[in-house]
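Visitor: So the number in the numbering used here is just where the residue sits in the sequence shown, counting from 1, plus 5. C-beta atoms are modelled at their ideal positions from N, C-alpha and C, and glycine is treated no differently. For clarity, every value in this text was computed on a predicted model and none was experimentally measured. What follows is a structure written as structure tokens; I'll ask about it next.
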Amino acid sequence: MKTKLILAGMILACLILQCSLMPAISIASITPNLMIVFIVSFGLMRGKRAGLIIGFISGILMDLMTMTLGYYIVGFHGIIYMFIGYFSGYCYRIFYDDDVKMPVMLTAAGDLCYGILVYIMQFLLRGRVQFFYYLRRIIMPEVVYTILLTLICYWLFLFINRKLEKADKRSVDSFV
Numbered sequence: 006m007k008t009k010l011i012l013a014g015m016i017l018a019c020l021i022l023q024c025s026l027m028p029a030i031s032i033a034s035i036t037p038n039l040m041i042v043f044i045v046s047f048g049l050m051r052g053k054r055a056g057l058i059i060g061f062i063s064g065i066l067m068d069l070m071t072m073t074l075g076y077y078i079v080g081f082h083g084i085i086y087m088f089i090g091y092f093s094g095y096c097y098r099i100f101y102d103d104d105v106k107m108p109v110m111l112t113a114a115g116d117l118c119y120g121i122l123v124y125i126m127q128f129l130l131r132g133r134v135q136f137f138y139y140l141r142r143i144i145m146p147e148v149v150y151t152i153l154l155t156l157i158c159y160w161l162f163l164f165i166n167r168k169l170e171k172a173d174k175r176s177v178d179s180f181v
């Protein structure tokens with residue numbers, strides 16, 4: 006129960022940072038996606054089920070926060086983040102904690118898919134067909150910026166996850 010409360014608090018903290026701090030550190034209107042870094046990290050560290058649940062909850066909360074910004078599709082981020090977390094969880098068995106290459110690659114892939122889906126749903130369906138312009142000017146810089154954020158935040162998420170796993174192991178061992 007304690008682990009779930011801490012993860013819920015982390016989701017809320019990342020959501021608040023994504024909606025308040027990340028736009029403040031944007032470069033040329035390119036904002037890193039902290040939510041994808043968080044979802045990929047915990048999908049890798051905790052598996053498919055945890056990645057799916059964390060991704061869906063994070064996405065729904067993101068939808069609710071961005072509704073006032075003009076996104077009227079509730080569940081859009083929820084579905085995208087859910088799939089990113091689920092597919093990140095596939096690498097749970099082959100993942101080494103201290104190796105940052107896997108989280109960086111999965112974050113880049115997740116952010117690239119996210120950017121393409123946002124383009125399709127919010128620009129292409131409105132008749133704006135300059136995909137390569139959007140890819141070069143928005144998607145790829147955001148992927149690079151999010152990778153840089155991954156290199157910083159991943160170690161913090163790993164530290165918190167190790168503490169949570171130790172606490173879970175202690176609580177299980179106390180019953181035996």
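Using the Cα positions of M145 and L117, report the straight-line distance between them to the nearest angstrom.
Guide: Counting from one through the sequence shown, the residue named residue 145 turns up at place 140. Counting from one through the sequence shown, the residue named residue 117 turns up at place 112. Taking the straight line joining both Cα atoms gives about 7 Å.
Visitor: Helix, strand or coil for I59? Go by DSSP, reduced to three states.
Guide: Here residue 59 refers to the residue found at position 54 of the sequence shown. Here I59 sits in helix by DSSP.
Visitor: Would you list the residues sitting across from I78 in a DSSP beta bridge?
Guide: In the sequence shown, residue 78 corresponds to position 73, counting from 1. I78 is not bridged to any residue.
Visitor: In the DSSP output, what is I35 paired with across the bridge?
Guide: To locate residue 35, count along the sequence shown from 1; it is residue 30. Note: I35 sits in a beta bridge opposite I32.
Visitor: Entirely within the stretch 96 to 134 and at least 4 residues each: give me those alpha helix (DSSP H) ranges in chain order.
Guide: Complete alpha helix (DSSP H) runs here, min 4: 106 to 127.
Visitor: Using the Cβ count rule (16 or more neighbours within 10 Å means buried), how would you classify A55?
Guide: In the sequence shown, the residue the question calls residue 55 occupies position 50. Buried: at least 16 other Cβ atoms inside 10 Å.
Visitor: Output yes or no for whether 9 Å exceeds the beta carbon distance between G115 and I89.
Guide: Position 110 of the sequence shown, counted from the start, is the residue given in the question as residue 115. Position 84 of the sequence shown, counted from the start, is the residue given in the question as residue 89. It is a contact, given that the beta carbons lie within the stated cut-off.
Visitor: So is L161 buried or exposed if we call it buried at 16+ other beta carbons inside 10 Å?
Guide: As a first step, residue 161 must be located in the sequence shown, where it is residue number 156. It counts as exposed.
Visitor: Any idea what DSSP makes of M6, helix, strand or coil?
Guide: Along the sequence shown, read from residue 1 onward, the residue named residue 6 stands at position 1. The answer is coil: DSSP assigns M6 none of H, G, I, E or B.
Visitor: Going by DSSP in three states, G52 sits in which element: helix, strand or coil?
Guide: Stepping through the sequence shown from its first residue, residue 52 is reached at position 47. Coil at G52, not helix or strand.
Visitor: Report back the beta-carbon spacing between G64 and G83 to the nearest angstrom; my notes put them in contact at under 8 Å.
Guide: To locate residue 64, count along the sequence shown from 1; it is residue 59. To locate residue 83, count along the sequence shown from 1; it is residue 78. Rounded, the Cβ-Cβ distance is 3 Å, consistent with contact.
Visitor: On a CA-only basis, which of F43, M72, T71, L26 is nearest I59? Give me that one, please.
Guide: Within the sequence shown, numbered from 1, the residue matching residue 59 stands at position 54. Comparing Cα positions, the closest option is F43.
Visitor: Does the count of Cβ pairs from the stretch 126 to 135 and the stretch 6 to 24 closer than 8 Å reach three?
Guide: No, the stretch 126 to 135 does not touch the stretch 6 to 24.
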